[in-house]
Amino acid sequence: MDILPKLAKDKHNESKKYFDKLKKKPPKNLDYVMQDLHEAEFKRTDCLECANCCKTTGPLFTAADIERIAKFLKLKPQQFIEQYLRIDEDNDYVLQSLPCTFLDHDNKCFIYDVRPKACREFPHTDRKKFYQIANLTLKNVAICPAAYNIVEEMKKKLPM
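Each residue of the sequence shown is one higher than the one before, counting from 1 in the numbering used here.
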């Protein structure tokens, strides 16, 4: 786990060049390939063993997230915001502190069933038009071992 940032850093230039080419000419089957790679990786990856995303990065909270989570916690949305969130430099609601307040000692999430959309979709490797999130993916490979593996496998499956 501790070696992931170094591995990602070592591969960063290669991956960046790859994504630059990918953005210019995305393969027609890209989304299908990514879906397959994503599903295969998450069949063998147990996020509870890592939870690095929850420990090191905070999701942004949409208005719908805030409503849903506040209701679950039996708080008014404004109370939830005041207790847990702050506004970041992009004017988005994010957690006041990391690791995530809702992360338990066993890496389980207290609010898993109502977690933010950003958490449900992380690491976004199965997103449609995947080539559009290259910059985000380059950041995520240093955080998420599954994202790292998916990108490395993608480079083999879809050489540019």
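Don't be surprised by glycine CBs; every beta carbon is placed ideally from N, CA and C.
Given the structure is predicted, the values throughout are model-derived calculations rather than measurements.
- If you draw a straight line from the Cα of residue 113 to the Cα of residue 10, it is about 36 Å long.
- Taking residue 160 as reference, the option from 91, 22 and 13 with the minimal CA-CA separation is 22.
- Under DSSP, residue 111 shares a beta bridge with no residue.
- Following the DSSP letters along the chain, one finds residue 81 inside the alpha helix (DSSP H) bounded by residues 77-84.
- Partner residues in the beta bridge of residue 87, as assigned by DSSP, are 93.
- By the CB criterion at 9 Å, residue 38 and residue 138 fall outside the cutoff.
- Around the C-beta of residue 40, fewer than 16 other C-beta atoms lie within 10 Å, and the residue is accordingly described as exposed.
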